[in-house]
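Student: First the structure, which I've put down as structure tokens, then a few questions once you've had a look.
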Amino acid sequence: MRAVVFVTEQTSKGTERSPREYVDPLLVRTGEAYARLTFEELHRHLCDALRDYELQRYSTD
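So the sequence shown is residues 531 to 591, counted in the numbering used here.
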């Protein structure tokens, strides 16, 4: 099963390994792990990842 990758509009695409790979995605889950998640769990994981993303984004400005 493939991976599920969540990104923001600012996520860069293209690495040395693959032009289709994201450099620093917001959240990555294996297809198997994603299939087991409830909507509530997925929502919590995404909200946590977005909070961390915002903290990192504004702490480097």
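Just so it is clear, CB atoms sit at the ideal spot from N, CA and C, and this is done for glycine as well. Note that this is a predicted model, so its numbers are computed, not measured.
1) Identify, in the order they occur along the chain, each residue of the same chain with its Cβ nearer than 6 Å to the Cβ of Lys592, setting aside the five sequence neighbours on each side.
2) On the DSSP bridge list, what partners appear for Phe536?
3) Pull the bridge partners of Tyr552 from the DSSP assignment, please.
4) In chain order, what residues of the same chain have a beta carbon less than 6 Å from the beta carbon of Phe536, not counting five sequence neighbours either side?
5) Thinking Ala579 and Thr560 are a contact (beta carbons under 8 Å), I'd like their distance in whole angstroms, please.
Tutor: Taking the geometry as given:
1) Within the shown structure, residues of the chain are numbered from 531 to 591, placing residue 592 beyond reach of any answer.
2) Residue numbering aside, residue 536 sits at position 6 when the sequence shown is read from its first letter. Its beta-bridge partners are Leu557.
3) Locating residue 552 in the sequence shown gives position 22, counting from the first residue. DSSP, once it has assigned bridges, lists Lys543 as partnering Tyr552.
4) Taking the first residue of the sequence shown as 1, we reach residue 536 at position 6. Excluding sequence neighbours, Phe536 sits near Leu556, Leu557.
5) For the purposes of this step, residue 579 is taken as residue 49 along the sequence shown, with counting starting at 1. For the purposes of this step, residue 560 is taken as residue 30 along the sequence shown, with counting starting at 1. Going by Cβ atoms, the distance from Ala579 to Thr560 rounds to 16 Å, so no, they are not a contact pair.
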